[in-house]
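Residue numbers (my numbering), protein chains in the order written: chain A, 1 to 184; chain B, 1 to 657.
Here's the structure, in structure tokens; my notes come after.
This is the structure:
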């Protein structure tokens, strides 16, 4: 039995050993809070928004990257859809957020104009501007995982914060508000 | 009182498991016949104790004993009796107790029915099983005790997670776990063989039926899970490449490889080391499947809440079980000598090809599943690997597997000629090409490939069977009689391949699905796929612990009523959760699928309609595959003429050639 053949039999053990060490480290980081598999960290955070131009709904004007970047106040871009149940869940909180003076721009993801109209009529319209992304292509470019997802865009067009979950009060108070205060 | 007794029985089972492992592994060295007989008795005792313990937990659920935390958190006074029982294993702690119960059942089965196995080998097998089961019982008792109490008890309990309140999901975990855990026997045989330093044809014959039983349960379990997600989650998909699904698929892939490679061990005494490694790998992947997911390390929609100390305990257990067996493998595997020699083109060669591709697919799926956490670990980058990766990576690997699948069974052992086998399949190839051409003309490349592959495998399996019963070469009556005289394992194998082909047919058909999302008011209708879908009314309805909105949809074709469908949205009052109950109507070759997303203000609602061509075949194929396994299991040589080891007994450890 040659040595290299003997080493071959040890290979599975080596693989499992390395894997096990990796898992141990992940577990340790999870305990210290520096690793959270449940979080969707969008790679866009810290970078400019990708190029896009989206039409509006019902003949009204949509928006594009240039317009978004030209704002002087931070804008919360919210991807939603009329067919999405959690979106309806976050709708009252979005309304409250809009009334408190935050600019919210909506992008309807893979949706039909009439359905969007019905949805906004039922759950309220917190959006200062509304665009529609029927093909979902812009959402893909933004790295959207599912709806609802929200991005905070600083003046100049840089993504400063992102959440892939409904904007419930805990998320707004614990995460969004501190970022907004920092930007102000 | 009863839960306390259950807890006590659990502790007793642990004590027995410790005794079983020590006596089982050390016993054969003592050369004392009495001691060798102890391990089977201990294995049965361990099963009885765990059975009592599990019954105690079920009892606590049935009588709604809310002092037991497990019952208080996952059951409630309004939960129907059936779900009070099944809720026992619908949560983390209870499901691990079930896991241990099935593991001890495996040991008890070997103890009670393994009389044909040499006593020393059986003792070692039971010892290894006792070691594994002892480790996991220690886990249950130390950090995940389902009998933990709370005081004061809540008045009503929190209730079963609504989407788990489903008959399909109630039977899914026990079946899946039997599949996972059953591979522990193959694992124990592998480890025992490494300790003994001997693997021969008889070993292959002992391991195969156990592996086959677990494989068929795992196949059924995966089928049930996929069917459940198809009709419950309301988006009409049957496989999402979610980590939890992947970790169930991994042992299935290596287990499928194992039941094929064990044939080679049994018939030709080749691939021994490889089969031992596969047995270890399959059970290791099963362990990862059950436990890695629970450690919270993988991001999955199937969330099981687990605390970090549980995660660490699990990791240590996995390291000991998997690492220990692989360490043994590294040192002892060189002792196992190969003997069977064969040409590349032969039945053995085809089975090796099967093994290679199954293992590569397993490696791809494993990499895809583990890539995100390890990328986060090494480069601090977060990504998710989704369906497009798996679809693109697995498809080209499945294609050669499918190609070889029809040819392999027609080859002879040792050395074969490819041409005669291919000539038997020429008309199958023509048919497959016709199907391919027909669908490629319509612009469906993936569907064309899948359907052609399905036709190739299905008809190939039938040709194999026809060859065996010498159809059309001897009178039909004699051919029919041969169906009962040829080995059942051969029929099982053909059926297994046929089932796989049918499942491929269904999966390929699903890629041709059409769907639409529409807001409809009562009286309005839409056309989709040649059917007219008309919303008649939306009415309130009530279930045992939920209220619902029930829509009536009339589906007609050319003016004739085909189906009346009732998709619902359900609101579970206790948990304040809304779920979607899809309506599915099947005629065997296509499914109509309707979901009702919710009301709008004007008395209508939003609907999603799908037509899934050939969808039922996915699960039908899976069940036929499992049936093939069952028929193979009833083969004569597993029932009577129990495998006997060759007389020659070389002293262990010196068998190197």
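Note that CB positions come from ideal geometry on N, CA and C, so glycine has one too.
The model shown is predicted, which means the values in this text are computed figures rather than measured ones.
query                                                                                                                                                                                                         : result
Is the Cβ of residue 245 (chain B) closer than 8 Å to any Cβ of chain A?                                                                                                                                      : no
Taking only three categories from DSSP, how would you classify residue 672 (chain B)?                                                                                                                         : This structure cannot speak to residue 672 (chain B), because chain B is shown only from 1 to 657.
Could you tell me which of A:162, A:130 and A:157 sits nearest to residue 143 (chain A), measuring between CA atoms?                                                                                          : A:162
Let me see if you follow: with CB-CB separation under 8 Å, is residue 578 (chain B) close to chain A or not?                                                                                                  : yes
Starting from the C-beta of residue 527 (chain B), find all residues in its chain whose C-beta is less than 8 Å away, skip the five residues before and the five after it, and write them out in chain order. : 533
Are residue 207 (chain B) and residue 281 (chain B) closer than 8 Å when you measure CB to CB?                                                                                                                : no
Specify the secondary structure class of residue 10 (chain A) as computed by DSSP and reduced to three states.                                                                                                : helix
Using a Cβ-Cβ cutoff of less than 6 Å, which residues in the same chain neighbour residue 220 (chain B) once the five nearest sequence positions on both sides are dropped?                                   : 175 and 626
Any heavy atom of the ligand GTP closer than 7 Å to the beta-carbon of residue 144 (chain B)?                                                                                                                 : Annotation note on the ligand GTP: not contained in the displayed structure, which lists no ligands.
Quick one, which residues of the stretch 108-120 of chain A are near chain B if we go by CB-CB under 9 Å, in chain order?                                                                                     : 110, 111, 112, 114, 115, 118 and 119
Please give me, in chain order, every unbroken run of the alpha helix (DSSP H) with length at least 4 that falls completely inside the stretch 359-433 of chain B.                                            : 387-407 and 418-424
Give a yes or no on whether the minimum CB-CB distance between residue 161 (chain B) and chain A is below 8 Å.                                                                                                : no
Can you list, in chain order, the residues of its chain with a C-beta nearer than 7 Å to that of residue 530 (chain B)? Leave out the 5 residues immediately preceding and following it.                      : 557
Does any CB atom of chain B fall closer than 8 Å to the CB of residue 46 (chain A)?                                                                                                                           : no
Note down the Cα distance separating residue 115 (chain B) from residue 37 (chain B), rounded to an integer number of angstroms.                                                                              : 11 Å
Does the count of Cβ pairs from the stretch 145-154 of chain A and the stretch 85-93 of chain A closer than 8 Å reach three?                                                                                  : yes
The stretch 272-286 of chain B: which residues have C-beta closer than 7 Å to a C-beta of chain A, in chain order?                                                                                            : 277
Do residue 404 (chain B) and residue 354 (chain B) have their CB atoms nearer than 8 Å?                                                                                                                       : yes
8 Å is my cut-off, CB to CB: does residue 6 (chain A) come that close to chain B?                                                                                                                             : yes
Taking Cβ positions only, does residue 85 (chain A) come closer than 8 Å to chain B?                                                                                                                          : yes
I'd like to know whether the C-beta of residue 553 (chain B) is nearer than 8 Å to at least one C-beta of chain A.                                                                                            : no
Determine contact between the stretch 327-338 of chain B and the stretch 246-261 of chain B, defined as no fewer than three beta-carbon pairs at a distance below 8 Å.                                        : no
Determine, using beta carbons only, whether residue 193 (chain B) comes closer than 8 Å to chain A.                                                                                                           : no
For chain B, check one thing: does any of its Cβ atoms lie closer than 8 Å to the Cβ of residue 23 (chain A)?                                                                                                 : yes
Please list the partners that residue 10 (chain A) has in chain B, where partner means a Cβ-to-Cβ separation under 7 Å.                                                                                       : 330
Ordered along the chain, which non-local residues of its own chain (more than five positions away) have a Cβ less than 8 Å from that of residue 469 (chain B)?                                                : 479, 480, 482, 483 and 486
Compare the C-beta of residue 27 (chain A) with all C-beta atoms of chain B and state if any pair is closer than 8 Å.                                                                                         : yes
Secondary structure at residue 502 (chain B), three-state DSSP: helix, strand or coil?                                                                                                                        : helix
Pull up the distance between the alpha-carbon of residue 640 (chain B) and that of residue 153 (chain B), whole angstroms please.                                                                             : With a pLDDT of only 45 at residue 640 (chain B), under 50, the local geometry of the prediction cannot be trusted, and no value is derived from it.
Give me the Cα-Cα distance between residue 336 (chain B) and residue 11 (chain A), rounded to the nearest whole angstrom.                                                                                     : 17 Å
Considering only the beta carbon of each residue, do residue 662 (chain B) and residue 240 (chain B) sit closer than 8 Å?                                                                                     : No statement about residue 662 (chain B) is possible, as the shown extent of chain B runs from 1 to 657 and does not include it.
Please classify residue 209 (chain B): does DSSP put it in a helix, a strand, or coil?                                                                                                                        : helix
Specify the secondary structure class of residue 151 (chain B) as computed by DSSP and reduced to three states.                                                                                               : coil
Does chain B have any CB closer than 8 Å to the CB of residue 122 (chain A)?                                                                                                                                  : yes
Short check: CB of residue 25 (chain B) to CB of residue 42 (chain B), under 8 Å?                                                                                                                             : no
Which partner residues of residue 609 (chain B) appear in the DSSP bridge assignment?                                                                                                                         : B:516 and B:594
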